[in-house]
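Numbering (the working numbering), first residue to last: 5 to 293.
We treat Cβ as the ideally placed atom computed from N, Cα and C, and that holds for glycine.
From a predicted model like this one, the values you see are computed outputs, not experimental measurements.
As structure tokens, then:
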């Protein structure tokens, strides 16, 4: 009298049932063809002949120090506050293992001191593959260029910037089409980032992240030139956004240093003036911040 059952229809998605129930595929296949019987019990306990047994209090689960766990796993655990993210200890390159050793080391250097640009782009050891080092930095830059586009928000639209220009002297055609053509600035920048992402993740040219063949490094220069044009447009046409992002990330300063250090661009191609991203020395007599 205290129990009642509800007959539910058969599961319609076998794969979903396998994931949720963690049953073997054969049992899940059989389960998907059978109706599911769900039994529920109301709140009145059934009568028993003997005395009711007293429930023992559950032993408390051991507490886990989330900071220690995050340090050991090098992961942002669920519920981590934004100000506490990526707070694990920076490790030298020799302690990083696996195919992601170089990108993890690069991100450690950026988070440790974003202003130490020389150290971020210095080859960490003679054993590090030079082309793989450049390749991983380009991947990291592409990730950060996405944040720059997000910061533009609604300031750069096909109406406000119908063409991809840098000041009144330079206009660029979008090479993401079969024939280069005019694109609105926001479309040009999006196409450039998408194209760079697709190229850097293709297995045909970059099948092994720990070793980059010399034949694939030929793409680095053209990719660097196209990505740099994003800085030029944002600087000349959305100066406030450029200044805000640069003050927080030093993205243009880091990219300019990187392409000069590894000769991916010539100095004449750097349209953004150096004083726009170099830290300004304190004026004489000014109080320290």
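Would you tell me roughly how many angstroms separate the C-alpha atoms of residue 122 and residue 147, rounded to the nearest one? 20 Å
Does the segment 160 to 167 come within contact of the segment 113 to 121, defined as at least 3 CB pairs closer than 8 Å? no
Is the segment 239 to 255 close to the segment 163 to 173, with three or more CB pairs under 8 Å? yes
Are the beta-carbon atoms belonging to residue 265 and residue 118 less than 9 Å from one another? no
Quick check: the Cα distance between residue 183 and residue 176, rounded to an integer number of angstroms? 13 Å
For residue 283 and residue 247, what's the separation of their Cα atoms in angstroms? 12 Å
Can you look up residue 207 in the DSSP assignment and give me helix, strand or coil? coil
Secondary structure of residue 85, DSSP reduced to three states: coil
Exposed or buried, which one is residue 154 when buried takes at least 16 other CB atoms within 10 Å? exposed
Return helix, strand or coil for residue 170, following the three-state DSSP convention. strand
Alpha carbon to alpha carbon, what distance is there between residue 131 and residue 230? 30 Å
Cα-Cα separation between residue 74 and residue 179, rounded to whole angstroms: In this predicted model, residue 74 has a pLDDT of only 48, less than 50, meaning its place in the structure is not dependable enough to derive any value.
By the 10 Å Cβ neighbour count, where 16 or more other Cβ atoms means buried, how is residue 233 classified, buried or exposed? buried
From the DSSP output, read off the bridge partner residues of residue 178. 185
Does residue 196 pass the burial test, meaning 16 or more other C-beta atoms within 10 Å, or should it be called exposed? buried
Work out the CA separation of residue 190 and residue 209 for me, nearest whole Å. 28 Å
Buried or exposed for residue 28, please, with buried defined as at least 16 other CB atoms from any protein chain shown within 10 angstroms of its CB. Note that residue 28 has pLDDT 47, beneath the 50 cutoff, so the model's placement of it is unreliable and no number is given.
4-residue-minimum alpha helix (DSSP H) runs that sit fully inside the segment 97 to 146, ordered along the chain: 105 to 116, 121 to 124
Taking residue 142 as the reference, which of 83, 164, 213 has the closest Cα? 213
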